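A.B. asks:
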Amino acid sequence: MSDDDLHKTVAEIQNLYPNSGYRMMHGHLSSRGVKVQTLSLRTIRRRQYSVPTPKAMWHIDGNHKLIRWRIVVHGGIDGFSRMIVYLKAATKINARTGIYNYRIERPWRDDYDHVLDLFSCLFLDLEADGTLNPDNEVHLFALHWTYLPQLQRHLAIFQEVDDDYGVDWEGPHSCEEEGVTIPEVQLTLELTNEEIASLPHPEVPLLNSVQIYLDTVN
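Under UniProt numbering, the letters of the sequence shown match residues 1 to 218, in that order.
Encoded structure:
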């Protein structure tokens, strides 16, 4: 059977049995005397779509590599150019709004290799030293206070390096437009303005961040 005939046969079965999975589809084909490898069947049935222009569709996802410390990185890429529209570190997992949820495999792998792994190793070192307990609310507050600005700064650098495509992102779809959410940071403890003012300033070089974390804990 040619590829075209196989596509037509699969489409016909899908129309008759729209909820058929791969195994059921394989069974339908076998009953018709059609032998096909599962990998080929997956390729045929994989969803296809096209994005006509930049900003026509944005894919949004969340990376949970730092979820042990209640940190999630939310991001979006343009479906046409694959340009990263935004990367935001947050302590709130659920975004208020969104468009087209899509698993962004390659950008997540890249930003984890370049950014998230650095912070994961740093946080694990703090745990190994006994200075960070992810179940301790004070420790988590100090961690977020100290390292969310650091993480966001590193994500911004990664995005600048990755996104040199020359697309006008100040056009009809801005990052503030309804339908796209850039999540807000929410610290784990409620403090007064006076208490916040007394905390050490987190905008320091990463090499000095451990001391800022320890001062915040104390």
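The C-beta atom is built at its ideal place from N, Cα and C for all residues, glycine as well.
Computed from a predicted structure; not experimentally measured.
In three-state terms, what does DSSP make of G27?
C.D. replies: In this structure, G27 counts as helix in the three-state DSSP scheme.
A.B. asks: Who are the Cβ neighbours of V34 in its own chain at under 8 Å, not counting the five residues just before and after it?
C.D. replies: Result list for V34: M1, L6 and T9, in chain order.
A.B. asks: Just tell me which of A89, L132, V36 and M83 has its CA closest to the CA of P115.
C.D. replies: The sequence as given places Val at residue 115; Pro does not occur at that position. Ranking A89, L132, V36 and M83 by Cα distance to V115 puts A89 first.
A.B. asks: Determine which residues share a DSSP beta bridge with Q61 and list them.
C.D. replies: It is Asp, not Gln, that sits at residue 61 in the sequence shown. DSSP output for D61 lists G75 as bridge partner(s).
A.B. asks: Pick from T53, L87, D135 and W69: whose alpha carbon is nearest that of I60?
C.D. replies: It is L87.
A.B. asks: Please name the residue, chosen from N136, S81, P202 and S31, that lies closest to Q152 on a Cα-to-Cα basis.
C.D. replies: Here the closest residue by C-alpha is P202.
A.B. asks: So if DSSP puts A89 in a beta bridge, which residue, or which two residues, is it bridged to?
C.D. replies: Looking at the DSSP assignment, A89 forms a beta bridge with V73.
A.B. asks: Pull up the CB-CB distance for T146 and T216, whole angstroms please, since I reckon it's below 8 Å.
C.D. replies: Contact flag correct, Cβ pair sits at about 6 Å.
A.B. asks: Taking the beta carbon of N63 as the centre, do at least 16 other beta carbons fall within 10 Å, making it buried, or is it exposed?
C.D. replies: Flag for N63 reads buried.
A.B. asks: I84 and I77 look like a contact to me (Cβ under 8 Å); what is the Cβ gap, rounded to whole Å?
C.D. replies: Contact holds; Cβ gap of about 5 Å.
A.B. asks: Would you kindly check if the distance between the Cβ of M57 and the Cβ of G75 is under 8 Å?
C.D. replies: Not a contact, by the Cβ cut-off of 8 Å.
A.B. asks: Considering Cα atoms alone, identify which of Q14, L143 and L206 is closest to N218.
C.D. replies: Of the listed residues, the one whose Cα sits closest to N218 is L143.
A.B. asks: Within this structure, are the beta carbons of L66 and S30 separated by less than 8 Å?
C.D. replies: No. Outside cutoff.
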